[in-house]
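S.K.: Below is the structure I would like to discuss, written out as structure tokens.
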Amino acid sequence: MKSLKVVGAVVISGAIAAGLFLYWRHQERYPSTDDAYVGANIIYVAPQVTGQVAEVLVIENQPVKTGDLLFTIDDTQFKASVDQAKANLDSAVQQAQSYGTQIAAAQAVVDSTQSAYNTAQSNLERAKALFSDGDIAQASLDQSSSEFARAAAQLTTSQSALLALQSGLAAKQDDILSSQAQVEIAQANQNWTKIFASADGWIANLTLRPGSSVSANAPQFSIVESSDWWVDANFKETSLPRIRPGQPVTVKIDLLPGVTLTGKVASIGRGSGDTFSLLPSENASGNWVKVTKRFPVRVELDPTDAPLRVGGSSKVTVDTTPQAQK
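Heads up: the sequence shown begins at 825 in my numbering, then just goes up one per residue.
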């Protein structure tokens, strides 16, 4: 009887030991953790201009597509700014055209005075030659000199007037460029009174209402992007030596009983969870106790139609067997 009890105890102990060994081997080859949470890109929706909300076209948790209109800002002042900028541009163009007309007239005056100058110069040179030969009196030479001086002065005056007008035109052309830029800025500001979705996803944290005042670049609500999903799994450091990027992963989501998702290891964190916290752990005290750290492993999920939610708890299992590497 005693021998049977001994044999039974040995068998039970052996079974327990074998079970523990198999469990250890399984955990070594298929490390898992339930300290894992679903993640996705979150886009913070912010206007690019300051103003009062005119209309909100979405509700909390509503699915949206890229390009959908989310909300609008009262554009009354922005329309006025566009009109003012266009008026300034029209004025600058008209002034430039006026300068163009004046320059054409001034150029004609320069051409005329240049011709008169050339004639007076020729007459003076001929008078000097005749005076040297004694064919004309001093009075005739003096008259030719006076006419030349007057023609030279008129030419200088007309050229100065032309240069002044050309400088004025250049300034007005700069004004036109500046006014065109102001029109573009005003139109951009007016366009920015309509805020569109920049990605597919779901509306979250929406409290915005018509009549609310919003500031430029201040987030008003969020879009949970639907295109990319992942799981951040925190594995014990003792499990990390066998985990490699690219290894296949199975994921069970707590809020989706019976559903198993697949994916692969995308990356392994370079710091433990508390390394980047506001108050990292301090291990310099005399009563320090060694605690196994956990490191984040990013798991990229395969495309799925499952209704995932950011922050959802999950259990992650990594296949580290040699066959999984192929």
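C-beta atoms are modelled at their ideal positions from N, C-alpha and C, and glycine is treated no differently.
For His850 and Pro871, I'd like the C-alpha separation in whole angstroms.
M.R.: Numbered from 1 along the sequence shown, position 26 holds the residue referred to as residue 850. Numbered from 1 along the sequence shown, position 47 holds the residue referred to as residue 871. Because the pLDDT of His850 is 48, which lies under 50, any placement of that residue in the model is unreliable, and the number read from its coordinates should be weighed accordingly. Looking at the two C-alpha atoms, the distance is approximately 53 angstroms.
S.K.: With distances taken Cα to Cα, identify the nearest neighbour of Val1123 among Tyr861, Ser968 and Ala976.
M.R.: Residue numbering aside, residue 1123 sits at position 299 when the sequence shown is read from its first letter. Closest by alpha carbon: Tyr861.
S.K.: Assuming Leu894 contacts Val882 (C-beta within less than 8 angstroms), just tell me the rounded distance between them.
M.R.: Numbered from 1 along the sequence shown, position 70 holds the residue referred to as residue 894. Numbered from 1 along the sequence shown, position 58 holds the residue referred to as residue 882. Right, their Cβ atoms sit about 5 angstroms apart.
S.K.: Is the beta carbon of Glu1049 less than 9 angstroms from the beta carbon of Gly1025?
M.R.: By 1-based counting over the sequence shown, the position of residue 1049 is 225. By 1-based counting over the sequence shown, the position of residue 1025 is 201. Contact: yes.
S.K.: Just to confirm before moving on: does the CB-CB distance between Gln1044 and Thr1144 stay below 9 angstroms?
M.R.: What you label residue 1044 is simply residue 220 of the sequence shown in a count that begins at 1. What you label residue 1144 is simply residue 320 of the sequence shown in a count that begins at 1. Contact: no.
S.K.: Report back the beta-carbon spacing between Asp1052 and Ala864 to the nearest angstrom; my notes put them in contact at under 8 angstroms.
M.R.: Indexing the sequence shown from 1 puts residue 1052 at position 228. Indexing the sequence shown from 1 puts residue 864 at position 40. Between Asp1052 and Ala864 the beta-carbon gap is near 6 angstroms, inside 8 angstroms, which marks them as a contact.
S.K.: Go to Leu903, then tell me how far its alpha helix (DSSP H) extends in each direction, as first and last residue.
M.R.: Against the sequence shown, residue 903 aligns to sequence position 79. According to the sequence as given, residue 903 is Lys; it is not Leu. Start and end: Thr900 to Asp957.
S.K.: Give the range of the alpha helix (DSSP H) segment to which Thr980 is assigned.
M.R.: For the purposes of this step, residue 980 is taken as residue 156 along the sequence shown, with counting starting at 1. First-last of the alpha helix (DSSP H) with Thr980: Gln962 to Asn1015.
S.K.: Closest to Ile1077 by CA distance: which of Ile897, Ser1046, Ile1000 and Thr1128 is it?
M.R.: The residue given as residue 1077 occupies position 253 in the sequence shown. When Ile897, Ser1046, Ile1000 and Thr1128 are compared, the shortest CA-CA separation from Ile1077 is found for Thr1128.
S.K.: Within its chain, find whatever has a CB closer than 6 angstroms to the CB of Gln886; leave out the 5 residues flanking it on each side and keep chain order.
M.R.: Stepping through the sequence shown from its first residue, residue 886 is reached at position 62. Cβ neighbours of Gln886 beyond the five flanking positions: Ile1027.
S.K.: What residue range is occupied by the uninterrupted beta strand (DSSP E) comprising Val1075?
M.R.: Position 251 of the sequence shown, counting from 1, holds the residue named residue 1075. Run containing Val1075: Pro1072 to Ile1077, per the beta strand (DSSP E) assignment.
S.K.: Is Leu1064 helix, strand or coil when you go by DSSP?
M.R.: Within the sequence shown, the letter at position 240 stands for residue 1064. Note: Leu1064 maps to helix in three-state DSSP.
S.K.: Excluding five sequence neighbours on each side, which residues of the same chain lie with their C-beta closer than 8 angstroms to the C-beta of Leu913?
M.R.: On the sequence shown, residue 913 is found 89 positions in, with the first residue counted as 1. If the five residues before and after Leu913 are omitted, its C-beta is found closer than 8 angstroms to the C-beta atoms of Ile1000, Ser1003, Gln1004, Gln1006 and Val1007, all from its own chain and listed in chain order.
S.K.: Spell out the partners DSSP gives Ile1019 in its beta bridges.
M.R.: Working through the sequence shown from its first residue, we reach residue 1019 at position 195. Looking at the DSSP assignment, Ile1019 forms a beta bridge with Phe895.
S.K.: So, at 7 angstroms on beta carbons, what are the nonlocal neighbours of Ala988 in its own chain, with the 5 sequence-adjacent residues on each side left out?
M.R.: Along the sequence shown, one-based indexing puts residue 988 at 164. Apart from sequence neighbours up to five positions away, no residue of its chain approaches Ala988 with a beta-carbon distance below 7 angstroms.
S.K.: Excluding five sequence neighbours on each side, which residues of the same chain lie with their C-beta closer than 6 angstroms to the C-beta of Val888?
M.R.: Numbered from its first residue, the sequence shown carries residue 888 at position 64. Around Val888: Ala1021.
S.K.: Spell out the partners DSSP gives Ala1090 in its beta bridges.
M.R.: For the purposes of this step, residue 1090 is identified with residue 266 of the sequence shown, where counting begins at 1. According to DSSP, which records beta bridges pairwise, Ala1090 is partnered with nothing at all.
S.K.: Is it true that the segment 940-958 meets the segment 973-981, where meeting means three or more beta-carbon pairs spaced less than 8 angstroms apart?
M.R.: yes
S.K.: Give the straight-line distance between the Cα atoms of Lys1139 and Val1121, rounded to the nearest whole angstrom.
M.R.: Mapped onto the sequence shown, residue 1139 falls at position 315. Mapped onto the sequence shown, residue 1121 falls at position 297. Cα to Cα, Lys1139 sits roughly 13 angstroms from Val1121.
S.K.: Within a Cβ cutoff of 7 angstroms, which residues of the same chain sit near Leu1080, ignoring the five residues on either side of it in sequence?
M.R.: Taking the first residue of the sequence shown as 1, we reach residue 1080 at position 256. Ala1130, listed in sequence order.
S.K.: Run through the DSSP bridge pairs and tell me what Asp1056 is partnered with.
M.R.: In the sequence shown, counting from the first residue as 1, residue 1056 sits at position 232. Paired residue(s): Tyr861 and Arg1122.
S.K.: Less than 9 angstroms between the beta carbons of Lys996 and Gln919, yes or no?
M.R.: Numbered from its first residue, the sequence shown carries residue 996 at position 172. Numbered from its first residue, the sequence shown carries residue 919 at position 95. Closer than 9 angstroms, so yes.
S.K.: Taking Arg1118 as the reference, give the member of Asn1041, Asp959, Arg1068 and Gly1095 with the closest Cα.
M.R.: For the purposes of this step, residue 1118 is identified with residue 294 of the sequence shown, where counting begins at 1. If we check each option's Cα against that of Arg1118, Gly1095 comes out closest.
S.K.: If the criterion is Cβ atoms closer than 9 angstroms, does the pair Ala1010 and Phe902 meet it?
M.R.: Position 186 of the sequence shown, counted from the start, is the residue given in the question as residue 1010. Position 78 of the sequence shown, counted from the start, is the residue given in the question as residue 902. For Ala1010 and Phe902, yes; Cβs fall inside 9 angstroms.
S.K.: So Leu993 and Gly924 are in contact, right, with Cβ under 8 angstroms, and what is the actual spacing, rounded?
M.R.: The count along the sequence shown starts at 1 and reaches residue 993 at position 169. The count along the sequence shown starts at 1 and reaches residue 924 at position 100. Indeed they touch by this definition, with Cβ atoms about 7 angstroms apart.
S.K.: Compare the Cα-Cα distances from Val1073 to each of Ala1057, Glu1061 and Asp966 and report the closest residue.
M.R.: Taking the sequence shown and counting its residues from 1, one reaches residue 1073 at position 249. Checking every option, the nearest Cα to that of Val1073 belongs to Ala1057.
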